[in-house]
Amino acid sequence: KNEVEQSPQNLTAQEGEFITINCSYSVGISALHWLQQHPGGGIVSLFMLSSGKKKHGRLIATINIQEKHSSLHITASHPRDSAVYICAVSSGSARQLTFGSGTQLTVLP
Amino acid sequence: DTGVSQNPRHKITKRGQNVTFRCDPISEHNRLYWYRQTLGQGPEFLTYFQNEAQLEKSRLLSDRFSAERPKGSFSTLEIQRTEQGDSAMYLCASSLSGGYNEQFFGPGTRLTVL
């Protein structure tokens, strides 16, 4: 069993739909990260959170420490949101990231 | 540009050859990480530097891999006697130390071993 599990692996939505991506982890963490990766490899950090909820524009990230679960929500999805969304946890003294396998999101116009 | 840069962006090599990649972190960041990502998977941690000291190495980092960060600035990752299984995207990230600090990623170096 992987330390970080994401679901779904693939998600196709129509423009305007509300999207949820889930992440569960099995290890103690310092923080949980949501990252976005576009074709070509570049990774951008969307959120880093250790408790509660954060919002940035149409993106919302929540974490439940007791249940070891986090969700990433996208409201009013748009084709430009199409990308791979990756959940990662940081732990250890080095704070290195352990990544989930990613969710490929495709938003159709 | 004050982001993380990596060179080269793409490298094609023949099996058995040595390759070296370079990462230039954000200048004030003293933490530097190397990750490897294979197709369809999330990245995996390879190694970590705090300034010039290499403090952690993953079991994924076989004896053919070596990383350095002289003077605590740029870092290099060398792979000796490359194998086809080394084909992957090699990602570098940097961050400030202390507390919970966001990691900033470079664009990656895509290695193809023929």
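Those sequence lines, one after another, are chains E and C.
Last residue of the first sequence: number 96 in this note's numbering, and the count goes up by one each step with no gaps.
Last residue of the second sequence: number 152 in this note's numbering, and the count goes up by one each step with no gaps.
By construction, the Cβ of each residue, glycine as well, lies at the ideal position given by its N, Cα and C atoms.
**Item:** proline 81 of chain C: contacting residues in chain E (beta-carbon distance under 7 angstroms)
**Value:** Within the second sequence, numbered from 1, the residue matching residue 81 of chain C stands at position 43. Those are Phe86, listed as they occur along chain E.
**Item:** Own chain residues within Cβ distance below 6 angstroms of glutamine 141 of chain C, not counting five before or after
**Value:** What you label residue 141 of chain C is simply residue 103 of the second sequence in a count that begins at 1. Within the same chain, glutamine 141 of chain C has close Cβ partners Ala131 and Ser133.
**Message:** Against chain C, with Cβ distances strictly below 8 angstroms, would glutamine 83 of chain E count as a contact?
**Reply:** Position 96 of the first sequence holds residue 83 of chain E. Output row for glutamine 83 of chain E: interface = yes.
**Asked** If you measure beta-carbon to beta-carbon, which residues of the stretch 120 to 146 of chain C are closer than 9 angstroms to chain E?
**Response** Result list: Met127, Leu129, Ala131, Ser133, Ser135, Gly137, Tyr138, Asn139, Glu140, Gln141, Phe142, Phe143, Gly144, Pro145 and Gly146.
**Request:** Would you mind sorting histidine 20 of chain E into buried or exposed? The rule is 16 or more other CB atoms within 10 Å of its CB.
**Result:** For this step, residue 20 of chain E is matched to residue 33 along the first sequence. Counting every other CB atom within 10 Å of its CB across the protein chains shown gives histidine 20 of chain E a total of 16 or more, marking it as buried.
**Entirely enclosed beta strand (DSSP E) segments - the stretch 81 to 145 of chain C, minimum 3 residues** = Counting only runs of 3 or more, we get 82 to 88, 91 to 95, 103 to 106, 113 to 117 and 126 to 133.
**Request:** Figure out for me which residue from E:Tyr12, E:Thr62 and E:Leu36 has the closest Cα to the Cα of isoleucine 6 of chain E.
**Result:** Looking up residue 6 of chain E in the first sequence gives position 19. Minimum Cα-Cα distance from isoleucine 6 of chain E among the listed residues E:Tyr12, E:Thr62 and E:Leu36 corresponds to E:Thr62.
**Request:** Would you please verify whether the beta carbon of isoleucine 8 of chain E is less than 8 angstroms from any beta carbon of chain C?
**Result:** Here the question's residue 8 of chain E lines up with position 21 in the first sequence. Chain C, which has no Cβ nearer than 8 angstroms to the Cβ of isoleucine 8 of chain E, makes this no.
**Asked** Name the chain E residues that come within less than 7 angstroms of glutamate 94 of chain C, Cβ to Cβ?
**Response** Start at 1 with the first residue of the second sequence, and residue 94 of chain C comes out as number 56. Those within 7 angstroms of glutamate 94 of chain C in chain E are Ala81 and Gln83.
**Prompt:** Does the beta-carbon of tyrosine 50 of chain C have 16 or more other beta-carbons within 10 angstroms, so that it is buried, or is it exposed?
**Reply:** The residue you call residue 50 of chain C lines up with position 12 of the second sequence. For clarity, residue 50 of chain C is isoleucine in the given sequence; the question names tyrosine instead. The residue is exposed, with fewer than 16 neighbouring Cβ atoms inside 10 Å.
**Request:** Leaving out five residues on either side along the sequence, give the residues of the same chain with a beta carbon under 7 angstroms from the beta carbon of histidine 65 of chain E.
**Result:** As a first step, residue 65 of chain E must be located in the first sequence, where it is residue number 78. Answer for histidine 65 of chain E: Glu2 and Val94, listed in chain order.
**Item:** glutamine 23 of chain E classed as buried or exposed, judged by whether at least 16 other C-beta atoms fall within 10 angstroms
**Value:** Working through the first sequence from its first residue, we reach residue 23 of chain E at position 36. Buried, by the Cβ-count rule.
**Message:** Give me the chain E residues within the contact set of arginine 148 of chain C, using Cβ-Cβ distance strictly less than 8 angstroms, ordered along the chain.
**Reply:** Here residue 148 of chain C corresponds to residue number 110 of the second sequence, with the count starting at 1. Chain E residues near arginine 148 of chain C: Gly28.
**Request:** Measure the C-alpha to C-alpha separation of glycine 144 of chain C and valine 42 of chain C and round it to an integer number of angstroms.
**Result:** One-based indexing of the second sequence puts residue 144 of chain C at position 106. One-based indexing of the second sequence puts residue 42 of chain C at position 4. Those two C-alpha atoms are separated by around 5 angstroms.
**Message:** Contact defined as beta carbons within less than 8 angstroms: I believe asparagine 9 of chain E pairs with serine 32 of chain E. What is the distance between those atoms, to the nearest angstrom?
**Reply:** For this step, residue 9 of chain E is matched to residue 22 along the first sequence. For this step, residue 32 of chain E is matched to residue 45 along the first sequence. With a Cβ gap of about 19 angstroms, asparagine 9 of chain E and serine 32 of chain E do not count as contacting.
**Message:** Do leucine -2 of chain E and threonine 90 of chain E count as a contact pair if the criterion is CB distance below 8 angstroms?
**Reply:** Taking the first sequence and counting its residues from 1, one reaches residue 90 of chain E at position 103. Taking the first sequence and counting its residues from 1, one reaches residue -2 of chain E at position 11. Threonine 90 of chain E places its beta carbon less than 8 angstroms from that of leucine -2 of chain E.
**Request:** Out of E:Val14, E:Gly87 and E:Leu92, point me to the one whose CA is closest to isoleucine 52 of chain E's CA.
**Result:** By 1-based counting over the first sequence, the position of residue 52 of chain E is 65. Nearest of E:Val14, E:Gly87 and E:Leu92 to isoleucine 52 of chain E, Cα basis: E:Val14.
**Status (buried if at least 16 other CB within 10 Å, exposed otherwise) for glycine 44 of chain E** = Here the question's residue 44 of chain E lines up with position 57 in the first sequence. Exposed, by the Cβ-count rule.
**Request:** May I have the straight-line CA-CA distance separating arginine 53 of chain C from glycine 29 of chain E, to the nearest angstrom?
**Result:** Taking the second sequence and counting its residues from 1, the one referred to as residue 53 of chain C is at position 15. Taking the first sequence and counting its residues from 1, the one referred to as residue 29 of chain E is at position 42. The alpha-carbon atoms of arginine 53 of chain C and glycine 29 of chain E are separated by roughly 26 angstroms.
**Asked** isoleucine 129 of chain E touches chain C at which residues, Cβ-Cβ below 7 angstroms?
**Response** The structure shown does not extend to residue 129 of chain E, since chain E spans only -12 to 96, so no value can be given for it.
**Asked** Cβ of glycine 15 of chain E less than 8 angstroms from any chain C Cβ?
**Response** Here residue 15 of chain E corresponds to residue number 28 of the first sequence, with the count starting at 1. By this cut-off, glycine 15 of chain E is not an interface position.
**Item:** Residue range of the beta strand (DSSP E) that includes asparagine 56 of chain C
**Value:** By one-based count along the second sequence, residue 56 of chain C stands at place 18. Here asparagine 56 of chain C belongs to no beta strand (DSSP E), and DSSP marks it neither H nor E.
**Pick from C:Tyr86, C:Gly146, C:Thr76 and C:Asp124 that is closest to arginine 60 of chain C, judged by C-alpha positions** = The sequence position of residue 60 of chain C within the second sequence is 22, counting from 1. Closest option to arginine 60 of chain C, Cα to Cα, is C:Gly146.
**Request:** Can you tell me which of the three DSSP states arginine 74 of chain C falls into?
**Result:** Here the question's residue 74 of chain C lines up with position 36 in the second sequence. Strand.
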